[in-house]
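Read in order, the letters of the sequence shown are residues 10 to 470 in UniProt numbering. Each residue gets a CB set at the ideal place from its N, CA and C atoms; glycine is no exception. Values in this document were obtained by computation on a predicted structure and should not be read as measured data.
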Amino acid sequence: PWSVWPIPLCSTNQAPSGWMGSVTVQMFVCLLQGSPHIQVDIYERLPVPFGLVRFGVAPDHPEVKNVINTFTQTAQHKRCHFLGNVHVGKDITIQELMQAYHAVVLSYGAEGNRTMGVSGEGLPGVYSAKDFVGWYNGLPCNKELQPDLSHETAVILGQGNVALDVARILLSPLDLLKKTDITQNALETLAASKVQRVLMVGRRGPLQVACTIKELREMVNMPYTAPDMLPADFQHVAQALADLPRPRKRLTELIMKTLNEDHRGRQGVKRWGFRFFRSPLEVLPSADGSRASGIRLAVNKLEGVGDAVTAVPTSEVDEIACGMIISSIGYKSLPIDPAVPFDFKRAIVPNNMGRVEETTGLYCSGWVKRGPTGVIATTMNDSFDTARTILQDLESGAINVSVSRPGSSEVVPLLEKRGVRTVSFADWEKINAEETKQGTAVGKPREKLLDVREMLAVAWT
Ligand code: FAD
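See the structure below:
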C-alpha cells in the first residue's frame, strides 16, 4: 500500500543519550530497516545532537556515551538527515511538519523540572538538578549558573540516580574529573569548592530508595569519602531483607554493609549519606534573608505495604543547616505546540502505543511518551514499540502514502524565509572536531563549546 515513495518521516529530535539517545536512534534503525522507502529527517533545537547523552549522562560515565557511535552510524545512513538549530514549535509548527511529512514523531524529552512547592524555593543557593547537571555538562542555557559551592554541607532532595550523579560530581577528587568531558568552567568552580558533606533526602525509607546498585557502589567506592547515615533510619530493615526480591535485596544489603562499616578512624574525608523518611517543608533563609541557609523537613512514617507504601508526615520536624540545596525530584515534559494534545497531570503527550491521541500521523517516543523515568535500555525498548506502530500503520494504510509529501525540501526553504539556517550532521562533525581538538590539548576527551553562536560559527566555516 505504500508504493509511493520516498516517504519522509520526521522526528522532532534526535534520540538522546546513553539512556535516551540510543532509544530514538534504535527506533530510526528499526524504521530504516523496516522499509527501503522510508526517509527520516531529525529536527533538533540545538546545533549539536545526542540530547541527554551529551547533556545528562555524567561526565565520569564515558562508557554510557558510547551509544553516540550507534547514533552517528544511523545519522550517516543515506536515508537519514540531521537538521539541527531548529526549534520545533517556534521556528516551525507541528502542523507545518505534518503537512510536509507522512508521519511526525515527537521525541523531545523532558526539559522542565518538578518543583518542591515550598517557601524559600526561589532563594539563592537553591538549584534544580536539571540546571546543575546542565551546567557541568555544558548545556548552553545553563552556562551562567555559577553555583555557590562556598558552604560545607549540600542537601540534595531526591535519592535517584540523578541525585547520585550530582553527589558524585560534588565530591569526586578533581584528578578524576579532569580526565572527563566536564566543562572547564565547572572544573574551576569545583576546584574552589568548600563542600565537604552531601546528604540525599528521601520521603520514604531504605527499602524504597530509588537509585540502582551500580551508582550506589560508585558512591561507596569513591576515594577519600565516607558514608554519613543515621542508624535510626534502618530499624526493621535487617528483618525485611529475606523477603525482598533479589535486585532490591542486593541494593539494601549494600546500604546495610556501608552503614555497618567502621569509618570513625578516617579523618579528612568528605562525607555523603542518605536521610530517609523526610519531606521538604521550607527552605530556611539566612539571617539577612539573602540566601538559603538550611532546610526544614517533615519526618514521615510509612503507610501501606510493598510498592504501594506511602510517606505520611508526622508532627515531628527536622532541620539541616546547609548552604546549597539541589532539588532532584524529577524532570518534566512540557507542551511543544498548542496543536498537540498534552496531559498536564501526567506531563506527557497522551498516546496509545506511541500514536498521539486524536492526531493521525503524529507519534511519540522517549520520555515525552511515558514520563521521565527509565534508563537508556528502557527508552530504547519503548522506541522499538513506536517504530513497530508506525510500520503497522504504513502496512494497514492508516498512514496515507498515496499522496507524496515534500519533506525537508519544503521545510528548509520555509525555515530560511524565517531566518533559520539548519546545521547538518557534517556541520556537527566540524563542531565535534573542534571540541575534540580543544579537549586533547588539555588531556580531556573533548572541551564542549558552551555558546550556540560559537557552535554555529564553527559549523558554518
Ligand atoms: P532527550 O535525550 O532529552 O532528547 C530530547 C532532545 O530533544 C534533546 O536533544 C533536545 O535538545 C531536543 N528538543 C527539545 N525540545 C525541542 C524542540 N522544541 N525542538 C527541537 N528539538 C527539541 N540513562 C542511562 O542508561 N545511563 C545513564 O548514565 C543515564 N544518565 C542520565 C543522567 C541524567 C542527568 C538524566 C536526566 C538522564 C540519564 N539517563 C541515563 C536517562 C536517559 O538520558 C534517558 O532515558 C533518555 O535520554 C531519554 O531520551 P529522550 O529522547 O526521551 O530525551
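N-terminal and C-terminal residue of the alpha helix (DSSP H) that Pro422 is part of | Here residue 422 refers to the residue found at position 413 of the sequence shown. Looking at the DSSP string, the run of the alpha helix (DSSP H) that includes Pro422 is Ser417 to Lys426.
Out of curiosity, what's the CA-to-CA distance linking His70 and Pro56?
-> Working through the sequence shown from its first residue, we reach residue 70 at position 61. Working through the sequence shown from its first residue, we reach residue 56 at position 47. Roughly 23 angstroms between the two C-alpha positions.
Expressed to the nearest angstrom, what Euclidean distance is found between the alpha-carbon atoms of Val114 and Glu105?
-> Translated into positions along the sequence shown, residue 114 becomes position 105. Translated into positions along the sequence shown, residue 105 becomes position 96. Cα to Cα, the separation comes out at about 13 angstroms.
Is the number of C-beta pairs between the stretch 400 to 409 and the stretch 381 to 392 that are closer than 8 angstroms three or more?
-> no
Quick one: measure Cβ to Cβ for Gln447 and Glu456, integer angstroms, because I've assumed they're closer than 8 angstroms.
-> Counting from 1 along the sequence shown, the entry for residue 447 is found at position 438. Counting from 1 along the sequence shown, the entry for residue 456 is found at position 447. With 8 angstroms as the limit, Gln447 and Glu456 qualify as a contact, their Cβ atoms being about 4 angstroms apart.
Note the first and the last residue of the continuous alpha helix (DSSP H) segment covering Ala84.
-> In the sequence shown, residue 84 corresponds to position 75, counting from 1. Run containing Ala84: Val76 to Ala84, per the alpha helix (DSSP H) assignment.
Give a yes or no on whether the C-beta atoms belonging to Leu180 and Trp281 are separated by under 8 angstroms.
-> One-based indexing of the sequence shown puts residue 180 at position 171. One-based indexing of the sequence shown puts residue 281 at position 272. Yes, these two residues count as a Cβ contact at 8 angstroms.
Distance between Val308 and Ala468 (C-alpha atoms, nearest Å) | By one-based count along the sequence shown, residue 468 stands at place 459. By one-based count along the sequence shown, residue 308 stands at place 299. Approximately 53 angstroms, taken between the alpha carbons.
Just to confirm, does Tyr110 get its C-beta within under 7 angstroms of one of the non-hydrogen atoms of the ligand FAD?
-> Here residue 110 refers to the residue found at position 101 when the sequence shown is read from its first residue. Flag unset: Cβ of Tyr110 not near the ligand FAD.
Does the pairing of the stretch 332 to 342 with the stretch 158 to 169 give three or more beta-carbon distances under 8 angstroms?
-> yes
Does the ligand FAD have even one heavy atom less than 7 angstroms from the beta-carbon of Asp394?
-> Mapped onto the sequence shown, residue 394 falls at position 385. Outside the cutoff, so no.
Do you know how far the Cα of Thr368 is from the Cα of Met107?
-> Position 98 of the sequence shown holds residue 107. Position 359 of the sequence shown holds residue 368. Roughly 10 angstroms separates the two Cα atoms.
So, is His245 buried or exposed, given that buried needs 16 or more other C-beta atoms within 10 angstroms?
-> Counted from its first residue, the sequence shown places residue 245 at position 236. So His245 ends up on the exposed side.
Presumed contact (8 angstroms Cβ cut-off) between Val358 and Ile103, rounded CB distance | The sequence position of residue 358 within the sequence shown is 349, counting from 1. The sequence position of residue 103 within the sequence shown is 94, counting from 1. Val358 to Ile103, Cβ: 11 angstroms. No contact.
With Gly448 as the anchor, note down where its alpha helix (DSSP H) starts and where it stops.
-> Against the sequence shown, residue 448 aligns to sequence position 439. Residues Phe434 to Ala450.
Where does Tyr229 sit, in a helix, a strand or coil, going by DSSP?
-> Taking the first residue of the sequence shown as position 1, residue 229 is located at position 220. Tyr is not the amino acid found at residue 229; the sequence shown has Val there. DSSP places Val229 in helix when its eight states are reduced to three.
How would you write the range of the beta strand (DSSP E) that Gly282 sits in, first residue to last?
-> For the purposes of this step, residue 282 is taken as residue 273 along the sequence shown, with counting starting at 1. Gly282 -> beta strand (DSSP E) spans Lys279 to Arg284.
Decide if Lys139 is buried, meaning its Cβ has at least 16 other Cβ atoms within 10 Å, or exposed.
-> Locating residue 139 in the sequence shown gives position 130, counting from the first residue. With 16 or more other Cβ atoms within 10 Å, it is buried.
For Asp190, is the classification buried or exposed, using 16 other Cβ atoms within 10 angstroms of its Cβ as the cut-off for buried?
-> Numbered from its first residue, the sequence shown carries residue 190 at position 181. Asp190 is buried by the Cβ-count criterion.
When you compare only the Cα positions, how much space is there between Gly383 and Ile399?
-> In the sequence shown, the residue the question calls residue 383 occupies position 374. In the sequence shown, the residue the question calls residue 399 occupies position 390. About 22 angstroms.
Outcome for Leu424 when other beta-carbon atoms lying within 10 angstroms are tallied against a minimum of 16 = Numbered from its first residue, the sequence shown carries residue 424 at position 415. Leu424 is buried by the Cβ-count criterion.
Segment contact, 8 angstroms Cβ cut-off, at least three pairs: the stretch 82 to 99 with the stretch 123 to 139 | no
Answer yes if the stretch 139 to 155 comes into contact with the stretch 188 to 206, meaning at least three C-beta pairs across the two stretches below 8 angstroms, and no otherwise.
-> yes
Hey, is His90 close to the ligand FAD, as in C-beta under 7 angstroms from one of its heavy atoms?
-> Mapped onto the sequence shown, residue 90 falls at position 81. No, the ligand FAD has no heavy atom inside 7 angstroms of this Cβ.
Identified DSSP bridge partners for Phe91 = Walking along the sequence shown from the start, residue 91 turns up at place 82. In the DSSP output, where bridge partners are listed per residue, Phe91 has Ile51.
Any non-hydrogen atom of the ligand MG within 7 angstroms of Leu61 CB | The ligand MG is absent from the structure shown, which contains only the ligand FAD.
With hydrogens ignored, establish whether the beta-carbon of Tyr117 is closer than 7 angstroms to any heavy atom of the ligand FAD.
-> Locating residue 117 in the sequence shown gives position 108, where the first residue counts as 1. Yes.
The stretch 319 to 329 touching the stretch 291 to 308, judged by at least three CB pairs closer than 8 angstroms = yes
Is the closest heavy atom of the ligand FAD to the C-beta of Trp376 under 7 angstroms?
-> One-based indexing of the sequence shown puts residue 376 at position 367. True, at least one ligand heavy atom lies under 7 angstroms from that Cβ.
Could you work out which residue in Thr198, Pro182 and Phe283 is closest to Met231 when comparing CA atoms only?
-> Residue mapping note: residue 231 aligns to position 222 of the sequence shown, counting from 1. The candidate whose alpha carbon is nearest that of Met231 is Pro182.
Heavy atom of the ligand FAD less than 7 angstroms from the Cβ of Leu132, yes or no?
-> Residue mapping note: residue 132 aligns to position 123 of the sequence shown, counting from 1. Checking every heavy atom of the ligand FAD against the Cβ of Leu132, none is found closer than 7 angstroms.
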